[in-house]
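Student: Submitted below is the structure of interest, expressed as structure tokens.
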Amino acid sequence: MAEAPVARKVKHEMEMFGDIRVDDYYWLRDDSRSNPEVLSYLRAENDYTNQVTSSVKQFEDELYAEVRARIKEDDITAPIRRGPYYYYERTLQGKEYVQHCRRLITNGTSASVHDVMPMGPETPKEHVILDENIKAQGHDYYSVESFKASPNNKLVAYAEDTKGDEIYTIFVIDADKGTVVGHPLKGATSYVEWAGDETLVYITMDKILRPDKVWSHKLLSEQSSDQCLYHEKDDMFSVDLQASESKQYLFVGSESKNTRFIFYLDIYNLEGGLRTLTPRVYGIDTSASHRGNHFFIKRRSEEFYNSELVYCPVDKPSETKVLIPHRERVKIEDFQLFIGHVAVYERENGLPKVTVYNLPSIGEAIGLLQQGRAVDFVDSIYSVEPTESQFSSNILRFSYSSMKTPTSVYDYDMNLGISVLKKIQPVLGGFESSDYSTKREWAVASDGTKVPISILYKKNLVKLDGSDPLLLYGYGSYEACIDPSFKASRLSLVDRGFVYAIAHIRGGGEMGRKWYEDGKLLKKRNTFTDFIACAEYLIENKYCSKEKLCIHGRSAGGLLIGAVLNMRPDLFKAAVAGVPFVDVLTTMLDPTIPLTTSEWEEWGDPRKEEYYYYMKSYSPVDNVRAQNYPNILVTAGLNDPRVLYSEPAKFVAKLRATKTDDNVLLFKCELGAGHFSKSGRFEKLQEDAFTYAFILKALDLAPPVLS
Numbered sequence: 001m002a003e004a005p006v007a008r009k010v011k012h013e014m015e016m017f018g019d020i021r022v023d024d025y026y027w028l029r030d031d032s033r034s035n036p037e038v039l040s041y042l043r044a045e046n047d048y049t050n051q052v053t054s055s056v057k058q059f060e061d062e063l064y065a066e067v068r069a070r071i072k073e074d075d076i077t078a079p080i081r082r083g084p085y086y087y088y089e090r091t092l093q094g095k096e097y098v099q100h101c102r103r104l105i106t107n108g109t110s111a112s113v114h115d116v117m118p119m120g121p122e123t124p125k126e127h128v129i130l131d132e133n134i135k136a137q138g139h140d141y142y143s144v145e146s147f148k149a150s151p152n153n154k155l156v157a158y159a160e161d162t163k164g165d166e167i168y169t170i171f172v173i174d175a176d177k178g179t180v181v182g183h184p185l186k187g188a189t190s191y192v193e194w195a196g197d198e199t200l201v202y203i204t205m206d207k208i209l210r211p212d213k214v215w216s217h218k219l220l221s222e223q224s225s226d227q228c229l230y231h232e233k234d235d236m237f238s239v240d241l242q243a244s245e246s247k248q249y250l251f252v253g254s255e256s257k258n259t260r261f262i263f264y265l266d267i268y269n270l271e272g273g274l275r276t277l278t279p280r281v282y283g284i285d286t287s288a289s290h291r292g293n294h295f296f297i298k299r300r301s302e303e304f305y306n307s308e309l310v311y312c313p314v315d316k317p318s319e320t321k322v323l324i325p326h327r328e329r330v331k332i333e334d335f336q337l338f339i340g341h342v343a344v345y346e347r348e349n350g351l352p353k354v355t356v357y358n359l360p361s362i363g364e365a366i367g368l369l370q371q372g373r374a375v376d377f378v379d380s381i382y383s384v385e386p387t388e389s390q391f392s393s394n395i396l397r398f399s400y401s402s403m404k405t406p407t408s409v410y411d412y413d414m415n416l417g418i419s420v421l422k423k424i425q426p427v428l429g430g431f432e433s434s435d436y437s438t439k440r441e442w443a444v445a446s447d448g449t450k451v452p453i454s455i456l457y458k459k460n461l462v463k464l465d466g467s468d469p470l471l472l473y474g475y476g477s478y479e480a481c482i483d484p485s486f487k488a489s490r491l492s493l494v495d496r497g498f499v500y501a502i503a504h505i506r507g508g509g510e511m512g513r514k515w516y517e518d519g520k521l522l523k524k525r526n527t528f529t530d531f532i533a534c535a536e537y538l539i540e541n542k543y544c545s546k547e548k549l550c551i552h553g554r555s556a557g558g559l560l561i562g563a564v565l566n567m568r569p570d571l572f573k574a575a576v577a578g579v580p581f582v583d584v585l586t587t588m589l590d591p592t593i594p595l596t597t598s599e600w601e602e603w604g605d606p607r608k609e610e611y612y613y614y615m616k617s618y619s620p621v622d623n624v625r626a627q628n629y630p631n632i633l634v635t636a637g638l639n640d641p642r643v644l645y646s647e648p649a650k651f652v653a654k655l656r657a658t659k660t661d662d663n664v665l666l667f668k669c670e671l672g673a674g675h676f677s678k679s680g681r682f683e684k685l686q687e688d689a690f691t692y693a694f695i696l697k698a699l700d701l702a703p704p705v706l707s
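Residue numbers in the sequence shown follow full-length UniProt numbering, run continuously in steps of one, and reach 707 at the last position.
This is the structure:
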């Protein structure tokens, strides 16, 4: 057996409220990411992981080939009409990244749910605007965000990240020639929007990577001459940027974890600068769009915690009237505006829903919206997300999937109430949705709260007598909803007899705003006890046994995994913690670390004694004990700006020095990636194969090594 690396101990004391904590591995944090001893330790951990997993490397490669074989490698996305063009992305056989393409619309037809982009030899030729495969050459990591065509479709702006640190460079290129126009904008976020054909609005960050400044950039000018439109000086707030569906206004939002206020910029009156749309009021959260002579605003407050939809005249933004009132059991999550409709994305009883309302003609009076039409979906549990639609049309485009239905793009005719499938993700290798079963179960938490669980399995492979292996996934933070969606690589477990389950625990937003509030700050432990309750429910109801139960979570979900491993290590056979936020207390006490200040409203400010001791009670690094732990895989990204690589590194080092079992503990740190790991589509599949091989090996389900 390979010998595990042992990180040296250097005593580092931290005192707060008379409480002394000793962190022997504090030295592993190196913000320059260049310390030779730290890098040497990380490489030693990677080498150890490779040695331990070498016995299943052949199996991992087989899993990777199996996962990749399900993909149609040469494919295109559902084209979207923008002006005189269809825009879409193309993937090529054997290539990691996409091409951004367009074709001229020549048939002169207006938008329709039955519209199909002609692709025959007599049709306009495909034009590749940007080939990411070419741009990625020479980079270990490559990601393009915010690919935005100018209003006249002559130029394209895009944001590029070549490290995984989420610090972007914005380029403008000629859409026909592909040549760079003007000077790149450096040190930016991925927020960028056009304000007419000759001006860009974008956002930069401060030294702790907090988006804090909004800029206006005239094409061909130097970045140093750009005009700062707004500077958010409160370090608990971050700024963001979006365009209205009408393309007449840009909205700048400044938000903390419970407050958001908005400015607007009239694209046809840039000299007017930013104007206040909604005021800065603690506890009030707003987002907006525009149609005709009105702004439409989603507004949440302590009283109206599931949000209401209101509107106001463009010239009198303080005079709001209610369109859709607050409802106790229905949460408004988002909305999309059209000339004649508004589509409202809602959530009820743990499931998303979409309701479409007719709007009166522009200029006519608007009243309370009633008698909306709900969009029908085929599965009992599912995921639905808004995608880009055309403001001037009656067509709502959305993305739909379930745990057994591949990702599908639909166009929905809001006048007729019919959905037309425009694109479904191909799944090769004989996949049949009807071979699988999905269902919703409800565990009961220790305080009596019912916690939803989404479940997937293959009908002819499971016994449901307690003998089946099960992988339980969880997140439970930031009001994020982990809806039951499709992932093709997951079939490599389910087709081997696994049950796959998602625990929709408090701290997420699946059951409404209160669900989130009951899993944050001084109620954060509900997230962990909910997950444990879900695990116990699955065992009691014969979906698995302790000996067959594996768990998985990433980022804040990695905190979940670390916490429940300390609380109930006996309950699980194997655990995977991806880029886990595990050094909660130390990180939240250090305002120089990215995200810390803006996160105090999520986790609490440990400079206050009550929060200090509460956070200490669950922070995984602070609660590692001399006890038996299951098999554990921990991952990290050296360039991760969201969770410093040193957090999982310290967690692993402390576990190695403290735990009393002989189970496998592996740490894999990607030295050329960030929070979202490697960037190539096949590289991501390789990581899935690695994770699945670890889980199957831990359950003794990996085949023997063949000589």
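For glycine and all other residues, C-beta sits at the position ideal for the given N, C-alpha and C.
All values derive from a computational prediction rather than experimental measurement.
Considering only C-alpha positions, which residue in the set Phe-486, Lys-548, Met-414, Asp-518 is nearest to Ser-112?
Tutor: Position 112 of the sequence shown, counting from 1, holds the residue named residue 112. With distances taken between Cα atoms, Ser-112 lies closest to Met-414.
Student: Quick check on Cys-228: buried or exposed, where buried means 16 or more other Cβ atoms within 10 Å of its Cβ?
Tutor: Indexing the sequence shown from 1 puts residue 228 at position 228. Cys-228 should be labelled exposed.
Student: Throw me the rounded Cβ distance for the Leu-277 and Phe-263 pair, which I believe falls under 8 Å.
Tutor: For this step, residue 277 is matched to residue 277 along the sequence shown. For this step, residue 263 is matched to residue 263 along the sequence shown. Yes, Leu-277 and Phe-263 are in contact; Cβ-Cβ is about 6 Å, under 8 Å.
Student: Ignore the nearest five residues each way along the sequence and tell me which others in Ala-533's own chain have a CB closer than 7 Å to its CB.
Tutor: Locating residue 533 in the sequence shown gives position 533, counting from the first residue. Only Ala-443, Val-444, Ala-445, Ser-446, Val-451 meet the Cβ criterion.
Student: Which first and last residues belong to the alpha helix (DSSP H) in which Tyr-612 is found?
Tutor: Mapped onto the sequence shown, residue 612 falls at position 612. Its alpha helix (DSSP H) spans residues 609 to 616.
Student: Classify Phe-17: buried if its beta carbon has 16 or more other beta carbons within 10 angstroms, exposed otherwise.
Tutor: Stepping through the sequence shown from its first residue, residue 17 is reached at position 17. Note on Phe-17: under 16 other CB atoms within 10 angstroms of its CB, so exposed under the neighbour-count rule.
Student: Taking the beta strand (DSSP E) that Asp-285 belongs to, which residues open and close that run?
Tutor: As a position in the sequence shown, residue 285 is number 285, starting the count at 1. Start and end: 285 to 291.
Student: Which of the three DSSP states is assigned to Leu-559 in this structure?
Tutor: In the sequence shown, residue 559 corresponds to position 559, counting from 1. Here Leu-559 sits in helix by DSSP.
Student: Judging by CA-CA distance, which residue of Asn-50, Asp-30, Pro-184, Tyr-249 is the nearest neighbour of Leu-270?
Tutor: For the purposes of this step, residue 270 is taken as residue 270 along the sequence shown, with counting starting at 1. Nearest C-alpha to Leu-270: Tyr-249.
Student: Taking all protein chains shown into account, do 16 or more other C-beta atoms lie within 10 angstroms of the C-beta of Phe-690, making it buried, or fewer, making it exposed?
Tutor: On the sequence shown, position 690 is the one that residue 690 refers to. Residue burial is scored here from C-beta neighbours: Phe-690 has at least 16 other C-beta atoms within 10 angstroms and is therefore classed as buried.
Student: List the whole-angstrom C-beta distance separating Lys-524 from Tyr-618, where the pair is believed to meet the contact cut-off of C-beta under 8 Å.
Tutor: Residue mapping note: residue 524 aligns to position 524 of the sequence shown, counting from 1. Residue mapping note: residue 618 aligns to position 618 of the sequence shown, counting from 1. Their Cβ separation, rounded to whole angstroms, is 7 Å, which keeps Lys-524 and Tyr-618 in contact under 8 Å.
Student: Would you identify the three-state DSSP class for Tyr-168, choosing helix, strand or coil?
Tutor: By 1-based counting over the sequence shown, the position of residue 168 is 168. Of the three classes helix, strand and coil, the one that applies to Tyr-168 here is strand, per DSSP.
Student: Can you tell me whether Glu-60 is buried or exposed, with buried defined as 16 or more other CB within 10 angstroms of its CB?
Tutor: Locating residue 60 in the sequence shown gives position 60, counting from the first residue. Buried, because 16 or more other Cβ atoms sit within 10 Å of the Cβ of Glu-60.
Student: Ignore the nearest five residues each way along the sequence and tell me which others in Leu-696's own chain have a CB closer than 6 Å to its CB.
Tutor: Against the sequence shown, residue 696 aligns to sequence position 696. Same-chain partners within the cutoff: Ala-702.
Student: DSSP on Ser-707, reduced to helix/strand/coil?
Tutor: Residue numbering aside, residue 707 sits at position 707 when the sequence shown is read from its first letter. Legend: pLDDT at Ser-707 = 49, less than 50; position of this residue unreliable, no value from coordinates given.
Student: Name the DSSP beta bridge partners of Ala-243, please?
Tutor: To locate residue 243, count along the sequence shown from 1; it is residue 243. According to DSSP, which records beta bridges pairwise, Ala-243 is partnered with Leu-250.
Student: Based on DSSP bridge pairs, tell me the residues matched to Ile-532.
Tutor: Against the sequence shown, residue 532 aligns to sequence position 532. Answer by DSSP bridge pairing: none, since Ile-532 is not bridged.
Student: What is the DSSP secondary structure of Ile-267, reduced to helix, strand or coil?
Tutor: Sequence index remark: in the sequence shown, residue 267 carries index 267 (1-based). Coil.
Student: Buried or exposed: which applies to Ser-707, given that a residue is buried once 16 or more other Cβ atoms fall within 10 Å of its Cβ?
Tutor: One-based indexing of the sequence shown puts residue 707 at position 707. Low confidence applies to Ser-707: its pLDDT is 49, below 50, so where it sits in the model is not reliable, and the reading given next is rough at best. Result: exposed.
Student: When you compare only the Cα positions, how much space is there between His-183 and Ile-170?
Tutor: The residue given as residue 183 occupies position 183 in the sequence shown. The residue given as residue 170 occupies position 170 in the sequence shown. In a straight line, the C-alpha of His-183 is about 9 Å away from that of Ile-170.
Student: If contacts are defined as beta-carbon pairs under 8 Å, then residue 728 and Glu-255 qualify, I think. What distance do you get, rounded to the angstrom?
Tutor: Any property of residue 728 remains undetermined from this structure, which presents the chain solely from 1 to 707.
Student: What residue does the beta strand (DSSP E) around Phe-296 start on, and which one ends it?
Tutor: Translated into the one-based positions of the sequence shown, residue 296 becomes position 296. Where Phe-296 is concerned, the enclosing beta strand (DSSP E) stretches over 294 to 300.
Student: Are Tyr-41 and Leu-28 touching if we call contact CB-CB under 9 Å?
Tutor: Here residue 41 is taken as the residue at index 41 of the sequence shown, counted from 1. Here residue 28 is taken as the residue at index 28 of the sequence shown, counted from 1. In contact: Tyr-41 and Leu-28 (Cβ atoms closer than 9 Å).
Student: With burial defined as no fewer than 16 other Cβ atoms inside 10 Å of the residue's Cβ, what is the status of Gly-273: buried or exposed?
Tutor: Within the sequence shown, the letter at position 273 stands for residue 273. When all chains shown are included, Gly-273 counts as exposed.
Student: Enumerate in chain order the residues of its own chain whose CB-to-CB distance from Ile-366 is below 8 Å, with the five nearest sequence positions on each side excluded.
Tutor: Here residue 366 refers to the residue found at position 366 when the sequence shown is read from its first residue. Here the set comprises His-294, Tyr-311, Lys-321, Leu-323, Leu-359, Pro-360.
Student: For the candidate residues Gly-292, Val-281, Ile-284, whose alpha-carbon lies nearest to that of Glu-245?
Tutor: Position 245 of the sequence shown, counted from the first residue, corresponds to residue 245. Of the listed residues, the one whose Cα sits closest to Glu-245 is Gly-292.
Student: Under a Cβ-count criterion, where at least 16 other Cβ atoms within 10 Å of its own Cβ denotes burial, should Asp-483 be classed as buried or exposed?
Tutor: The sequence position of residue 483 within the sequence shown is 483, counting from 1. Result: buried.
Student: Of all the options Val-624, Arg-625, Asn-541, Trp-603, which has the alpha carbon lying nearest to the alpha carbon of Met-615?
Tutor: Translated into positions along the sequence shown, residue 615 becomes position 615. For the residues Val-624, Arg-625, Asn-541, Trp-603, the minimum Cα distance to Met-615 belongs to Trp-603.
Student: Helix, strand or coil: how does DSSP classify Ser-401 here?
Tutor: Position 401 of the sequence shown holds residue 401. In the structure shown, Ser-401 sits in a strand (DSSP, three-state: E or B).
Student: Given a cut-off of 9 Å, decide if Leu-470 and Tyr-500 are closer than it, judged by their beta-carbon atoms.
Tutor: Here residue 500 corresponds to residue number 500 of the sequence shown, with the count starting at 1. Here residue 470 corresponds to residue number 470 of the sequence shown, with the count starting at 1. Taking 9 Å as the Cβ cut-off, Tyr-500 and Leu-470 qualify as a contacting pair.
Student: Exposed or buried, which one is Arg-513 when buried takes at least 16 other CB atoms within 10 Å?
Tutor: The count along the sequence shown starts at 1 and reaches residue 513 at position 513. With 16 or more other Cβ atoms within 10 Å, it is buried.
Student: How many Å lie between Ala-7 and Val-128 at the Cα?
Tutor: The residue given as residue 7 occupies position 7 in the sequence shown. The residue given as residue 128 occupies position 128 in the sequence shown. Taking the straight line joining both Cα atoms gives about 50 Å.
Student: From the DSSP output, in three-state form, read off Asn-631 for me.
Tutor: Your numbering for residue 631 matches position 631 in the sequence shown. DSSP places Asn-631 in strand when its eight states are reduced to three.
Student: From this set, Arg-275, Tyr-268, Leu-472, which residue's C-alpha is nearest Tyr-230's C-alpha?
Tutor: By one-based count along the sequence shown, residue 230 stands at place 230. With distances taken between Cα atoms, Tyr-230 lies closest to Arg-275.
Student: Helix, strand or coil: how does DSSP classify Phe-690 here?
Tutor: The count along the sequence shown starts at 1 and reaches residue 690 at position 690. In the displayed model, Phe-690 falls within a helix according to three-state DSSP.
Student: Around the C-beta of Tyr-282, are 16 or more other C-beta atoms found within 10 angstroms, so that it is buried, or is it exposed?
Tutor: Walking along the sequence shown from the start, residue 282 turns up at place 282. Flag for Tyr-282 reads exposed.
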